[in-house]
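Let me begin by presenting the structure, written as structure tokens, before commenting on it.
2 protein chains.
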Amino acid sequence: MSRKATIYDIAREAGVSTATVTRVVRRDPHVREATRQRVQQVIDAHDYTPSLSAQNLESGRSRTLAVVLPVISNLYFNRILDAAYWEAEKNHCSIRLFQTMENQAISSELVSELIRCRMDGVLFAGSIWSADRDDLNFALDKLGKYMPVATICPPDVSLECICIQSDLVNCSRLPVRHLHTLGHRRIAFLGGSMHSKDTSRRGEGFLEQLRLMNLSDDPAYHVDAGYDMESGERAVLRMLSGLDSSRWPTAIVTFNDLVALGAMKQLKRMGLSLPRDMAIIGCDNQFFCAYTDPSLTSVDLHPEEMAQSAVRELLLARESSSRSFAIVREATLVIRESCGAHLGFRRL
Amino acid sequence: MSRKATIYDIAREAGVSTATVTRVVRRDPHVREATRQRVQQVIDAHDYTPSLSAQNLESGRSRTLAVVLPVISNLYFNRILDAAYWEAEKNHCSIRLFQTMENQAISSELVSELIRCRMDGVLFAGSIWSADRDDLNFALDKLGKYMPVATICPPDVSLECICIQSDLVNCSRLPVRHLHTLGHRRIAFLGGSMHSKDTSRRGEGFLEQLRLMNLSDDPAYHVDAGYDMESGERAVLRMLSGLDSSRWPTAIVTFNDLVALGAMKQLKRMGLSLPRDMAIIGCDNQFFCAYTDPSLTSVDLHPEEMAQSAVRELLLARESSSRSFAIVREATLVIRESCGAHLGFRRL
DNA sequence: CCGAGCTGTGAAACCGATAACATTTCCCAA
DNA sequence: TTGGGAAATGTTATCGGTTTCACAGCTCGG
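The following block contains the structure:
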């Protein structure tokens, strides 16, 4: 590995001071044209570019935002990362990824690491809500002292940071309304986990919505089993085998599209025809929704737009004094075949 | 934003020199216990952690590897990024992501940027093969002067870097063999693009394999249309509508699982029953393969293992003199329902 | 013809750490 | 008591930039 030319090398060879080299690099107009050309030539000859580390040290910032999420293989978070990446890129910043895995609580090691890295901001997406509320506030406080903090969070929490709130209200309301309109009265909710405050909100919001519409909120219709396809399969099996078939729900809302995928597989395996025997709605509007059989009606929370807002606000907060406030992006229902709406299908 | 305590602050307050503070932080045993405790107290009080930027400048490295790929939303690359992340993590390194989009050639701006950031290594996954071979070698040469370079590449290229070769041989051979065993004689290949040297290799390898087994390599059975689901739909439509149904292939191999997903949708739309009327094999063994209907037989190139090897070799190369060599991870066929093998199904 | 004002350039401090080397302190044997 | 050697600690250069400030040289008006 050859040594990279430094500003001193360039200065010496061009017979100027390092200050002048900087001026040339940064296109400072206070340089005589002749000097500029001479220096530029040396720069070109050595293919010189100033060292990022040195610039970071000098400026005290890293032009890097941290994105903290559970896993990128989950497409929801994948979309968040992708959007954050491009928005950061647009502002000449880079993203440093942190995956917390199922270890969902925000650890003090992570906080230290973030501070150590002198991040210019942090975006938390999922993965921190299972922490004790006091611990969480403590961590965010501490982080907030050194950098702007943003979170993509449930709508009712109010944290001392930039809160980009998922529209969990509509996320519950839209599917239930849609199913209700199609004539469904017994609606189940599968997936998620009561252990995580974030994701249990989805289930709660759903039950609330059922009550609001005078529908049964029978606990047998609420199975929290996880976030992936296996969870979906298990949940369906558990729910249906525990019920007399006369009491089976006629529609299922799932925590996300993966759970829906698993549920559909299990339903088919049990001989049910979709959407005739069972309507199903997913969440996240993943790319494959249009390609399942039947294609899957799903709620889109627009994670890209949330991530984009988050990054934008983080970069803004760096300039002005950091503020604490909330932004909401409304969720949307994308109707496909899995509820039979395309057939003009109405139950009863 | 409050100012972070520096090593000087700590040293002053503890009444020692910065050298001693460093020693305490780095657990150097040559510090008297009493001193250590006193310094540690001040450190704890201020929650001091050494600045990464300063350490980077001093050490001349960033403990960061670059991963260059087209898009992370493509699950193949997503898996590569994920695996690279964890392997880097294990070695106390971080990953800096670069997405090149469809702009697949390696640009000189990218090369400069990589050098400017003083990356400790670069991993190229896809996305550079469409570049002119000379340009590519020039870029890799230049990069190679400053950091170890690894690529996940087709098996026949030999570049001056660490080459982790995709097993495209088996990637073509396995599906064709499998289909042949099941009695198929007219096999088509859909997807990819002739414009990219990397991906056109897949199609070529496939044709080669057909000839090797004395099967028809009719150009009408080879439609290159792209990499996503829409491409799959279009490709099926284009191929079948151009052929008399008596000449239709009985099996389809696709560039990847996304194309397969699209193809399956289009085939069903045309009234075909899968796998009875058409067998289909994807590539990448994505998570949803087990959940399509029928579940999708697919080739796994094991991108995680390739990425892991790449990162490991990059970190190794940093130590020793950098070498140029190749590693191959053999591809595997994961048999599911989409070819009817589970039915003991044989054509003719 | 002299000083004010402007422009171009350089010297040096600084950013926050680390490490080589120098120095002080300490302990123990002579 | 002292000298030697090891242990503890301090001094200082360095990493590669940026920035402030001082200063030299030039122009121009009075």
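These protein sequence lines map, in sequence, to chains A and B.
Reading the first sequence from the start, the letters are residues 1 to 348 in our numbering.
Reading the second sequence from the start, the letters are residues 1001 to 1348 in our numbering.
From the three backbone atoms N, C-alpha and C, an ideal C-beta is built for every residue, glycine too.
Q.
Rounding to the nearest angstrom, what Cα-Cα distance links residue 343 of chain A and residue 1077 of chain B in this structure?
A. Approximately 38 Å between the Cα atoms of the pair.
Q. So is residue 54 of chain A in contact with chain B if we call contact Cβ pairs under 8 Å?
A. Chain B, which has a Cβ nearer than 8 Å to the Cβ of residue 54 of chain A, makes this yes.
Q: Write down the C-beta distance between residue 280 of chain A and residue 274 of chain A rounded to the nearest angstrom, noting that I regard them as a contact closer than 8 Å.
A: 7 Å between Cβ atoms; contact.
**Q.** Chain-ordered residues of the segment 105–119 of chain A with a beta carbon less than 7 Å from chain B
**A.** Those would be 112, 115, 116, 117 and 118, in chain order.
Q. Chain B beta carbons: is any one of them nearer than 8 Å to that of residue 229 of chain A?
A. Closer than 8 Å: yes.
(Q) I need the DSSP call for residue 326 of chain A, collapsed to helix, strand or coil. (A) Residue 326 of chain A carries a strand assignment under DSSP once its states are collapsed to helix, strand and coil.
(Q) Can you check which of these residues, B:1018, B:1316, B:1068 and B:1029, is closest to residue 1050 of chain B by C-alpha distance? (A) With distances taken between Cα atoms, residue 1050 of chain B lies closest to B:1018.
Q. Any C-beta of chain B sitting closer than 8 Å to the C-beta of residue 40 of chain A?
A. Taking Cβ atoms only, chain B never reaches closer than 8 Å to residue 40 of chain A, which makes this a no.
Q.
In whole angstroms, give me the CA-to-CA distance for residue 1335 of chain B and residue 1295 of chain B.
A. Cα to Cα, the separation comes out at about 9 Å.
Q. Residue 288 of chain A touches chain B at which residues, Cβ-Cβ below 7 Å?
A. For the C-beta of residue 288 of chain A, the chain B residues within less than 7 Å are, from N- to C-terminus, 1261 and 1288.
Q | Unbroken alpha helix (DSSP H) run spanning residue 172 of chain A, endpoints | A | Unbroken alpha helix (DSSP H) run through residue 172 of chain A: 168–181.
Q: Determine which residues of the segment 89–104 of chain A have a Cβ less than 7 Å from any Cβ of chain B, and write them out in chain order.
A: Cβ contacts with chain B: 94, 95, 96, 97 and 99.
Q.
Suppose contacts are defined by Cβ-Cβ distances below 8 Å. Is residue 163 of chain A in contact with residue 144 of chain A by that definition?
A. It is not a contact, given that the beta carbons lie outside the stated cut-off.
Q: From the DSSP output, read off the bridge partner residues of residue 281 of chain A.
A: For residue 281 of chain A, which the question treats as bridged, DSSP gives the partners A:253 and A:297.
Q. Counting only beta-carbon atoms, is residue 82 of chain A nearer than 8 Å to chain B?
A. So yes, residue 82 of chain A belongs to the interface.
**Q.** Proximal residues of chain B, C-beta to C-beta of residue 147 of chain A below 9 Å
**A.** Residues of chain B passing the Cβ test: 1001.
Q. Under a three-way DSSP split, which group does residue 1037 of chain B fall into?
A. Taken through DSSP and simplified to helix, strand or coil, residue 1037 of chain B comes out as helix.
**Q.** Residues sharing a beta bridge with residue 1165 of chain B, DSSP
**A.** By DSSP's assignment, residue 1165 of chain B forms a beta bridge with B:1153 and B:1328.
Q. Thinking just about the alpha-carbon of each residue, which of A:155, A:312, A:233 and A:250 is nearest to the one in residue 351 of chain A?
A. Any answer about residue 351 of chain A is impossible in this case: the structure gives chain A only from 1 up to 348.
Q | Contacts that residue 78 of chain A makes with chain B (C-beta to C-beta distance below 9 Å) | A | Here the neighbours are 1072, 1073, 1075 and 1078.
Q: Can you tell me which of the three DSSP states residue 286 of chain A falls into?
A: Under the three-state reduction of DSSP, residue 286 of chain A is assigned to coil, being neither helix nor strand.
(Q) Please confirm whether residue 49 of chain A has its beta-carbon closer than 8 Å to some beta-carbon of chain B. (A) Interface residue, yes.
**Q.** residue 1312 of chain B, DSSP secondary structure in three states
**A.** The answer is helix: DSSP assigns residue 1312 of chain B an H, G or I state.
Q: With 7 Å as the limit, tell me which residues of the segment 1290–1308 of chain B have their beta carbon closer than that to any beta carbon of chain A; keep them in chain order.
A: Flagged, chain order: 1291 and 1293.
Q) chain B partners of residue 85 of chain A, CB-CB under 8 Å? A) 1072, 1097 and 1099, listed in chain order.
Q.
Which residue marks the beginning of the beta strand (DSSP E) containing residue 94 of chain A, and which one marks its end?
A. Counting along the chain, the beta strand (DSSP E) containing residue 94 of chain A begins and ends at 94–99.
Q: Check residue 1007 of chain B in the structure and name its three-state DSSP category.
A: It is helical.
Q: Name, please, each residue of chain B whose Cβ falls closer than 8 Å to the Cβ of residue 62 of chain A.
A: Ordered by position in chain B, the residues that pass the 8 Å Cβ test against residue 62 of chain A are 1052 and 1053.
Q. With residue 1081 of chain B and residue 1069 of chain B assumed to form a contact (beta carbons below 8 Å), what rounded beta-carbon distance in angstroms separates them?
A. In this structure residue 1081 of chain B touches residue 1069 of chain B by the C-beta definition: roughly 7 Å separates them, less than 8 Å.
Q | Best match in B:1168, B:1142, B:1147 and B:1139 for proximity to residue 1153 of chain B [C-alpha to C-alpha] | A | Among B:1168, B:1142, B:1147 and B:1139, the Cα nearest to that of residue 1153 of chain B is on B:1168.
**Q.** Cβ neighbour criterion (16 or more within 10 Å) applied to residue 1029 of chain B
**A.** Classification of residue 1029 of chain B: exposed, given that the 10 Å Cβ count is below 16.
Q) What first and last residue would you give for the alpha helix (DSSP H) that runs through residue 1232 of chain B? A) Where residue 1232 of chain B is concerned, the enclosing alpha helix (DSSP H) stretches over 1229–1241.
Q.
I'd like to check one pair, residue 1232 of chain B with residue 1301 of chain B: are the Cβ atoms closer than 8 Å?
A. The answer is no: Cβ separation not under 8 Å.
(Q) If I measure Cβ to Cβ from residue 1313 of chain B and keep anything under 7 Å in the same chain, skipping five residues before and after, which residues do I get? (A) Here residue 1313 of chain B has 1150 and 1162 as same chain residues with Cβ atoms under 7 Å from its own Cβ, once five neighbours each way along the sequence are excluded.
**Q.** Cβ-Cβ distance between residue 1331 of chain B and residue 1171 of chain B below 8 Å
**A.** Against a cut-off of 8 Å, the Cβ pair of residue 1171 of chain B and residue 1331 of chain B comes out as a contact.
Q) Counting only beta-carbon atoms, is residue 57 of chain A nearer than 8 Å to chain B? A) Output row for residue 57 of chain A: interface = yes.
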